[in-house]
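Numbering-wise, the sequence shown is residues 337 to 655 according to my numbering.
Idealized CB from N, CA, C, for every residue including glycine.
On a predicted model such as this, the values are computed, not experimentally measured, just so you know.
To keep things clear, I will list the structure first and then write my remarks on it.
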Amino acid sequence: TVMFRACRPYYVKEGLAAMLCTKWLANKHELLSQVKQGKVPKLYCSPKLDGIRCVATLKGLYSRNRLKFDSCKHVHDDVCKLLNTPYRNFHPSKVMLDGELYFTGPSLPFEKIVSAVKKTQKHATKQDIALQRKIKYHIFDLAPVDSIKKMTYIERMFHLQQMIKNAESKGVLRAHSLVPVPIRSFKTQDELDNHLEGYLGRGMEGIVVRTPNGLYEPGKRSKDIMKYVRHLEDEFDIFDVKPGTGKFKGSLGALCCVTSQGKKFCANPAVDEAMRKDWWKNRKNLIGKKATVRFTRFTTNGVPRFPCAKSIRNAGNKR
């Protein structure tokens, strides 16, 4: 998942920003201890999709920062059909869905998903629209509005599944683009790692862990939703450096590296402030050295995705 800057943005003043993840490794001991002690029956996990975060309402599709997407009309049409189908006391205009715009097939990697969603309806060609129609909306939560605010994660997931089944049974949704993200339970780290291996083997980005009683906290980083991603690590030659800006002014901003295939990219330093300043002070000596870079995978263009420089050989300790 990435933070996406929508084309021709429109700020939704009455909307809610999406809830954000913390890291599983920072919370695992506390949560697994609660399970072992019987305070929590079990925890839940789902695949971490390599798509574009999207909150959906009757008014449109929005990024996690409330910017409107002007594409994927077929997805929003299906969202409207779902929300307008009567279900208990849920009011259509008071329900928001949270998920990812994503395509599960091997022929549409992340870079193509971004390219497709960027094309607005006004400027999209027939080929662009055909590409957009391959994208589905993988839903993993209900955003909190009215009574949903007090619902736990498990309650929200039950209602999400029932809402979709209800609309399908009434013939409102046929061959639609809405996919509820599957969830699995676990009680130990070994069980979670087994789930992770299975998802990685199917090309997923990682795993998302949820607590059963967690509430939806819009716009906040919550301990009730945690990401668990394994990273790759390799060394790359440094050919240039960039200065820091803002709070990093006067220190290193990024290392410009090149792969063995000649692909260039920039990696943000994953070190403390003192190390950033030391690297910047000695920046002329960094050219030609090797940086150890952590990243999630190689993109279709052959460069590391989400690269972070952990260390530079002969220029400081790993952090």
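Next on the checklist: Counting C-beta neighbours from all protein chains within 10 Å, is the total for Q457 16 or more, i.e. buried, or is it exposed?
Outcome noted: Within the sequence shown, residue 457 is the residue found at index 121, counting from 1. Under the 10 Å beta carbon count, Q457 is surrounded by fewer than 16 other beta carbons and is classified as exposed.
Checklist entry - So Q497 packs on P516, CB below 8 Å; how close in whole Å? => result Stepping through the sequence shown from its first residue, residue 497 is reached at position 161. Stepping through the sequence shown from its first residue, residue 516 is reached at position 180. Right, their Cβ atoms sit about 6 Å apart.
Checklist entry - Does DSSP put H474 in a helix, a strand or coil? => result Position 138 of the sequence shown, counting from 1, holds the residue named residue 474. If DSSP states are grouped into helix, strand and coil, H474 belongs with the strands.
Checklist entry - Expressed to the nearest angstrom, what Euclidean distance is found between the alpha-carbon atoms of E553 and F575? => result As a first step, residue 553 must be located in the sequence shown, where it is residue number 217. As a first step, residue 575 must be located in the sequence shown, where it is residue number 239. Cα to Cα, E553 sits roughly 43 Å from F575.
Checklist entry - What distance in whole Å lies between the Cβ atoms of V594 and K600, which are believed to be in contact at a cut-off of 8 Å? => result Locating residue 600 in the sequence shown gives position 264, counting from the first residue. Locating residue 594 in the sequence shown gives position 258, counting from the first residue. Yes, they are in contact, since the Cβ atoms of K600 and V594 sit about 5 Å apart, within 8 Å.
Checklist entry - Using the C-alpha atoms, what's the distance from I475 back to C644? => result Mapped onto the sequence shown, residue 644 falls at position 308. Mapped onto the sequence shown, residue 475 falls at position 139. Whole-angstrom Cα-Cα distance: 29 Å.
Item to check | Own chain, CB closer than 8 Å to E571, minus 5 neighbours either side, in chain order | outcome: The residue you call residue 571 lines up with position 235 of the sequence shown. Around E571: K626, A627, T628, V629, R649.
Item to check | Span of the beta strand (DSSP E), counted from its first residue to its last, around Y564 | outcome: Translated into the one-based positions of the sequence shown, residue 564 becomes position 228. Here the beta strand (DSSP E) through Y564 covers 557–564.
Item to check | Given Q525 as reference, the closest of H512, G580, S369, T635 once Cα atoms are compared | outcome: Your numbering for residue 525 matches position 189 in the sequence shown. Nearest of H512, G580, S369, T635 to Q525, Cα basis: S369.
Checklist entry - Mind pulling the alpha helix (DSSP H) runs of 4 or more residues that sit fully within the stretch 398–460? => result 409–420, 446–454
Item to check | Limits of the alpha helix (DSSP H) - the one that D570 falls within | outcome: For the purposes of this step, residue 570 is taken as the residue at position 234 of the sequence shown. Premise fails: D570 lies in the beta strand (DSSP E), 568–579, not in any alpha helix (DSSP H).
Checklist entry - Where does N650 sit, in a helix, a strand or coil, going by DSSP? => result By one-based count along the sequence shown, residue 650 stands at place 314. DSSP, read as helix, strand or coil, puts N650 in coil.
Checklist entry - Can you pull the DSSP bridge partners for P620? => result Translated into the one-based positions of the sequence shown, residue 620 becomes position 284. The sequence as given places Lys at residue 620; Pro does not occur at that position. For K620, DSSP records no beta bridge to any residue.
Item to check | Residues sharing a beta bridge with A590, DSSP | outcome: Mapped onto the sequence shown, residue 590 falls at position 254. Paired residues: K578.
Next on the checklist: Whether or not the stretch 530–539 and the stretch 501–519 are in contact is what I'm after, with contact meaning three or more pairs of Cβ atoms, one per stretch, closer than 8 Å; do they touch?
Outcome noted: In this structure the stretch 501–519 does not lie against the stretch 530–539, because fewer than three pairs of beta carbons, one per stretch, are closer than 8 Å.
Checklist entry - Candidates W360, G589, W615, V453: which alpha carbon is nearest A603's? => result Within the sequence shown, the letter at position 267 stands for residue 603. Of W360, G589, W615, V453, the residue nearest in Cα terms is G589.
Checklist entry - Does the beta-carbon distance from K556 to G542 come in below 8 Å? => result Position 220 of the sequence shown, counted from the first residue, corresponds to residue 556. Position 206 of the sequence shown, counted from the first residue, corresponds to residue 542. No, they are not a contact pair.
Checklist entry - Nearest to L397 by alpha carbon, out of H410, D386, L385? => result Here residue 397 corresponds to residue number 61 of the sequence shown, with the count starting at 1. If we check each option's Cα against that of L397, H410 comes out closest.
Next on the checklist: I'd like the list of long-range same chain contacts for T393, defined as Cβ closer than 6 Å, with 5 residues on each side in sequence excluded.
Outcome noted: Against the sequence shown, residue 393 aligns to sequence position 57. So the qualifying residues of the chain are M432.
Item to check | Nearest-angstrom Cβ-Cβ length linking H567 and D414, presumed shorter than 8 Å | outcome: Counting from 1 along the sequence shown, the entry for residue 567 is found at position 231. Counting from 1 along the sequence shown, the entry for residue 414 is found at position 78. With a Cβ gap of about 35 Å, H567 and D414 do not count as contacting.
Checklist entry - Can you name the start and end residues of the beta strand (DSSP E) that L514 belongs to? => result Counting from 1 along the sequence shown, the entry for residue 514 is found at position 178. Start and end: 514–516.
Item to check | Rounded Cβ spacing between C381 and R546 (contact assumed at less than 8 Å) | outcome: Here the question's residue 381 lines up with position 45 in the sequence shown. Here the question's residue 546 lines up with position 210 in the sequence shown. About 7 Å separates the two Cβ atoms, so the contact holds.
Next on the checklist: Strictly under 8 Å for the Cβ-Cβ distance: is G387 near chain C by that measure?
Outcome noted: Absent here is chain C; the protein component of the structure consists of one chain.
Next on the checklist: Taking the alpha helix (DSSP H) that S505 belongs to, which residues open and close that run?
Outcome noted: Here residue 505 refers to the residue found at position 169 when the sequence shown is read from its first residue. S505 -> alpha helix (DSSP H) spans 489–505.
Next on the checklist: I need the boundaries of the alpha helix (DSSP H) containing V371, first residue and last residue.
Outcome noted: The residue labelled residue 371 in the question sits at position 35 within the sequence shown. Run containing V371: 360–372, per the alpha helix (DSSP H) assignment.
Checklist entry - Is DSSP giving A610 helix, strand or coil here? => result Taking the first residue of the sequence shown as position 1, residue 610 is located at position 274. The answer is helix: DSSP assigns A610 an H, G or I state.
Checklist entry - Taking the alpha-carbon positions, what's the M339 to I519 distance? => result Here the question's residue 339 lines up with position 3 in the sequence shown. Here the question's residue 519 lines up with position 183 in the sequence shown. Legend: pLDDT at M339 = 48, less than 50; position of this residue unreliable, value from coordinates given subsequently. Rounded to the nearest angstrom, the two C-alpha atoms are 23 Å apart.
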